[in-house]
Amino acid sequence: MRLFVAATLDPAARDAVAGAIDRARRLQVFPTGSVRWIEPRNLHLTLQFLGERSADTAAAVAAALGAAGSRPPFRAALGPAGLFPAHGPPRVLWLGIGEGGAELAVLRQAVGRCLAPLGCPPNGRPYRAHLTVGRLRPGRPPARRALEAELGAIVPPPTAWLVDRVVLVESRLSAAGAEYRIVSEVKLGGPPRPGAESREATC
């Protein structure tokens, strides 16, 4: 199972980002086929990528995430757009997080502490809360300077939502792209929610 832990968006925030993606698709700086845009149903804020894990490890991770649920819910708001990496040919187009960015970083640390004893330590790189909206295809990236000039047009109107849960997600890769399934979820400020194993993801 290819797994990651994430925070989610509410429907209004998801719709706002979907609108931003639609606008971006029409920008001349993005030739047809140059970007693999993220499907709105797959939007999420990654807290920790776990990679390939066994079903037994997935069950242990789901149980361990309950400790992270003791943290209170908090508001998050979308910020400016940006590119990864910071220099050279761009590969990822993202929306930053303004309000709530510090809380997401703390939540990520809490998740890391929960999972480290299971052999799933965080990667150690500095964490920057962001929402990936597109991946530029190799060999066809638009010029970085042209992209940077258009980033402001991609940002949705001021949008905030309540981050109130953490989800463990299985990513199933195929030629058509990734499909996500929620393995378990934990409500912040409350106990784990059972019975999520069979739900298809909206995260």
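Number 477 in the working numbering belongs to position 158 of the sequence shown; there are no gaps in the numbering. Quick reminder that beta carbons are idealized off the backbone N, C-alpha and C, glycines included.
Check: Leu328: beta carbon under 7 Å from a heavy atom of the ligand NAP?
Finding: In the structure shown, the ligand NAP is absent, as is every other ligand, since no ligand is present at all.
Next item on the list: Indicate whether Leu402 and Leu412 have their beta-carbon atoms separated by less than 8 Å.
Entry: yes
Next item on the list: State yes or no: is the C-beta of Pro408 within less than 8 Å of the C-beta of Pro476?
Entry: no
Next item on the list: Reducing DSSP to helix, strand and coil, say where Gln347 ends up.
Entry: Coil, per DSSP.
Checklist line | Residues near Gly508 in its chain [Cβ-Cβ closer than 6 Å; skip 5 each side] | finding: Pro391, Pro392
Next item on the list: Examine the Cβ distances between the segment 449 to 457 and the segment 351 to 367 and report whether three or more of them are shorter than 8 Å.
Entry: yes
Item checked: Straight-line Cα distance separating Ser490 from Thr376 -> So the two alpha carbons sit approximately 15 Å from each other.
Next item on the list: Find out if the Cβ-Cβ distance for the pair Val474, Pro399 is shorter than 8 Å.
Entry: yes
Item checked: 4-residue-minimum alpha helix (DSSP H) runs that sit fully inside the segment 419 to 461, ordered along the chain -> 420 to 434
Next item on the list: Give a yes or no on whether the C-beta atoms belonging to Val505 and Arg484 are separated by under 8 Å.
Entry: yes
Checklist line | Segment limits, beta strand (DSSP E) that includes Glu504 | finding: 496 to 506
Check: Out of Gly370, Ala339, Pro350, Ala325, which has the shortest C-alpha to C-alpha gap to Ala465?
Finding: Pro350
Next item on the list: Name the one or two DSSP bridge partners that Ser353 has.
Entry: None; Ser353 has no bridge partner.
Note to self: In whole angstroms, give me the CA-to-CA distance for Ala337 and Leu366.
What the structure shows: Computed Cα separation, rounded: 21 Å.
Note to self: DSSP three-state label for Gly338, please.
What the structure shows: helix
Notebook entry, point to check: Contact check, Val380 vs Leu426 under 8 Å by CB: the rounded distance?
Noted result: Their Cβ separation, rounded to whole angstroms, is 15 Å, which puts Val380 and Leu426 out of contact at 8 Å.
Check: Are Leu487 and Leu322 touching if we call contact CB-CB under 8 Å?
Finding: Yes, Cβ-Cβ distance for Leu487 and Leu322 is below 8 Å.
Check: In the DSSP assignment, what residue or residues form a beta bridge with Gly415?
Finding: His449
Checklist line | Cut-off 6 Å between Cβ atoms - residues of its own chain near Glu498, not counting five sequence neighbours on either side | finding: Arg491
Checklist line | Option in Arg500, Ser493, Trp480 with minimal Cα separation from Ala396 | finding: Trp480
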